[in-house]
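Here's the structure we're looking at; comments come further down.
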Amino acid sequence: MRIVVLGAGVVGVAAAWYLAADGHEVTVVDRQAGAALETSFANGGQISASHAEPWANPGAPRTILKWLGREDAPLLFRLRADPRQWLWGLSFLRECLPHRTRRNTIQCLNLALYSRDCLRALRAATGIEYDRNENGILQIYTDAREFEHGVDGAAMMREFGIDRAVESADRCVGIEPALAQCRDRLAGGIYTASDESGDAHHFTRALAARAAERGVVFRYGVTVEALPHEGDELVGARVSDSAGRREVVAADAYVLALGSYSPLLLRPLGVRCPVYPVKGYSATIDIGGHRGAPTVSLTDIAAKIVMTRLGDRLRVAGTAELSGYSTDLNAVRCEALARRTFDLFPDAGRRSPIEYWAGLRPATPSNVPCLGRTRYRNLFVDTGHGTLGWTMACGSGRALADVVAGRRPEVAFDFTRS
Ligand SMILES: Cc1cc2nc3c(=O)[nH]c(=O)nc-3n(C[C@H](O)[C@H](O)[C@H](O)COP(=O)(O)OP(=O)(O)OC[C@H]3O[C@@H](n4cnc5c(N)ncnc54)[C@H](O)[C@@H]3O)c2cc1C
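The sequence shown begins at 1178 in the numbering used here and counts up by one.
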């Protein structure tokens, strides 16, 4: 089949790879000048398959209320006159009900663990390099009460087959010696040795290059404007280039992987896609000659940030802001990332210059992505991966290729039929 993949983020490129491996003739279209230049560009780098629980959980509403109005809050609702934002917020509250949280947790864990296996297989097959680190992920706690909650949560996750090891502060320093710099502040940690990390941007670019070698065509600088249809079938993707030239790119099937922008093209088709942009920030610190940066990927529970070593850089990422489609940098939020990093790890790297970045997580209220068929027989969706797009990209792409081929995917997941 001729298949057009709309979007060259980590999710779209992974889908294109698996579709091409199935023998399809694949073209990828993106408005940027290359792959992974929007949300997949400078994320937290964690392949956090064992930490794939949704944000929406029974404890979330209280925490969010506590943070309301705080400019440096890890999760910030900037209320706008945007009905989609309000609707998303209400749906998020509904997903905090215990039975829904349980269902969403199982969905996300299944897909994330499957995806980690797919990534490993892809890596073994291609030898692809992306500053990967297989030293696990360590959650660190600087607050004793939060640590107690974390220990309870770890016990609960064993029910789902996830082995989270509860570690003392001293054991944490054993796992990550850089934590000696803040040993006296640590209450403890939770470690998952099987998790990984790496640079999603490097990975996506490298995978796109290999896909191109296998015949996948990448058309950059091309914006998708609409998806015209006749009856229950798309007849093409109407696109324009930077010179304003318009054309309709036609194929037998279409995979929509436009991240936070997905609902803008699906809405006119009547396809439900509850994705809203949730802005996050990252700081990339040059380690220079400094020796105090962690090498194990860390999640700092109190600050709700992650720190991932990517070669000679330290990527610090976090914060979530519902404020529409702007990617403007807010100085307070940027500086909060650097301050916390140097507070815990005074010798982490160069304090200036630091590269700040903001991206829009394509978030669904449940955290469960929209993956599968739509009411249009030749339109498929692979979007809404929120906080876990890098973690879930390979598994989503592989499973989507199965759905397109009419095969039963290997992962237990409720595929969409929106
Ligand atoms: C601060 C931060 C930290 C994160 N940390 C992690 C982490 O540690 N681990 C993890 O798993 N995930 C993390 N994520 C989430 C992850 O980065 C995203 O889920 C993932 O990048 C989404 O990939 P995507 O391909 O769906 O979207 P994108 O990367 O945004 O790709 C969509 C593509 O569609 C293109 N596009 C959009 N509209 C159009 C149009 N009309 N025409 C043509 N092209 C268009 C864009 O140019 C873009 O290239 C983080 C996100 C943020 C913001």
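Ideal Cβ placement from N, Cα and C applies to all residues, glycine included.
So residue i is in the beta strand (DSSP E); what residue range does that whole segment cover?
i       : result
Gly1536 : Glu1532 to Ala1540
Arg1490 : Arg1490 to Leu1499
Ala1460 : Tyr1453 to Asp1463
Cys1359 : Where Cys1359 is concerned, there is no enclosing beta strand (DSSP E), given that its DSSP letter is neither H nor E.
Gly1549 : Cys1547 to Arg1550
Gly1366 : Gly1365 to Thr1369
Val1171 : There is simply no residue 1171 to check, as the chain begins at 1178 and stops at 1595 in what is shown.
Arg1449 : That residue, Arg1449, is in no beta strand (DSSP E); it is neither H nor E in DSSP.
Val1483 : Ile1482 to Leu1487
Ser1217 : Run containing Ser1217: none; DSSP gives neither H nor E here.
Thr1598 : The structure shown does not extend to residue 1598, since the chain spans only 1178 to 1595, so no value can be given for it.
Asp1477 : Ser1474 to Asp1477
Glu1424 : Arg1423 to Val1426
Cα-Cα, which of the options is closest to residue i?
i       : options                               : result
Asp1294 : Glu1311, Thr1278, Arg1280 and Thr1282 : Glu1311
Ala1302 : Val1455, Val1425, Ala1198 and Thr1461 : Ala1198
Ala1192 : Leu1577, Phe1590 and Trp1232          : Leu1577
Ile1464 : Leu1290, Gly1457 and Thr1472          : Thr1472
Pro1445 : Tyr1397, Pro1405, Tyr1318 and Arg1348 : Pro1405
Tyr1453 : Ser1459, Leu1443 and Thr1278          : Leu1443
Gly1200 : Arg1277, Glu1407 and Gly1392          : Gly1392
Arg1517 : Gly1549, Ala1470 and Val1581          : Ala1470
Glu1353 : Ala1219, Gly1189, Thr1369 and Val1394 : Thr1369
Thr1496 : Ala1250, Trp1244 and Val1206          : Ala1250
Ala1525 : Glu1587, Ser1500 and Arg1486          : Arg1486
Ala1565 : Val1545, Leu1252 and Cys1349          : With the sequence shown as reference, residue 1565 is identified as Leu, and Ala is not the correct amino acid for it. Of Val1545, Leu1252 and Cys1349, the residue nearest in Cα terms is Val1545.
Asp1347 : Glu1336, Leu1363, Ser1503 and Arg1335 : Leu1363
Glu1230 : Arg1360, Gly1583, Asp1579 and Met1569 : Met1569
Gly1304 : Leu1548, Ile1531, Glu1532 and Ala1386 : Ala1386
Ser1503 : Leu1299, Pro1542 and Arg1257          : Arg1257
Leu1521 : Ile1283, Thr1240, Ala1480 and Trp1232 : Ala1480
Arg1396 : Trp1567, Glu1424, Arg1527 and Ser1371 : Glu1424
Would you mind reading off the limits of the alpha helix (DSSP H) that contains residue i?
i       : result
Cys1571 : Gly1566 to Ala1582
Leu1299 : Pro1275 to Thr1303
Ala1191 : Val1187 to Ala1198
Val1393 : Val1393 -> no alpha helix (DSSP H), and no H or E assigned at all.
Leu1442 : Ser1439 to Leu1443
Name the one or two DSSP bridge partners that residue i has.
i       : result
Glu1410 : Glu1407
Val1399 : Asp1418
Asp1524 : According to DSSP, which records beta bridges pairwise, Asp1524 is partnered with nothing at all.
Asn1310 : Ser1374
Leu1433 : Leu1183 and Val1558
Glu1202 : Arg1179
Thr1593 : Gly1549
Ile1224 : Glu1373
I'd like to know whether the C-beta of residue i is nearer than 7 Å to at least one C-beta of chain B.
i       : result
Ala1540 : The chain inventory of the structure shown lacks chain B, comprising one protein chain alone.
Is the segment 1524 to 1536 in contact with the segment 1202 to 1222, if contact means three or more CB pairs nearer than 8 Å?
yes
Note down, one range per segment and in chain order, each beta strand (DSSP E) of at least 3 residues found wholly within the segment 1237 to 1272.
1252 to 1254
Counting only runs that start and end within the segment 1313 to 1348, where is the beta strand (DSSP E) found for 3 or more residues in a row?
1314 to 1318 and 1342 to 1344
With a threshold of 8 Å, are at least 3 pairs of Cβ atoms found where one atom belongs to the segment 1547 to 1563 and the other to the segment 1509 to 1524?
no
Pairing CB atoms from the segment 1220 to 1227 with CB atoms from the segment 1416 to 1425, are three or more of them under 8 Å?
no
Below 8 Å, can you find three or more Cβ-Cβ pairs linking the segment 1273 to 1293 to the segment 1315 to 1324?
no
Across the segment 1281 to 1298 and the segment 1564 to 1576, are there enough close Cβ pairs to call them in contact, namely three or more that are closer than 8 Å?
yes
Assess contact between the segment 1201 to 1208 and the segment 1180 to 1187, defined as three or more Cβ pairs (one per stretch) separated by less than 8 Å. Is contact present?
yes
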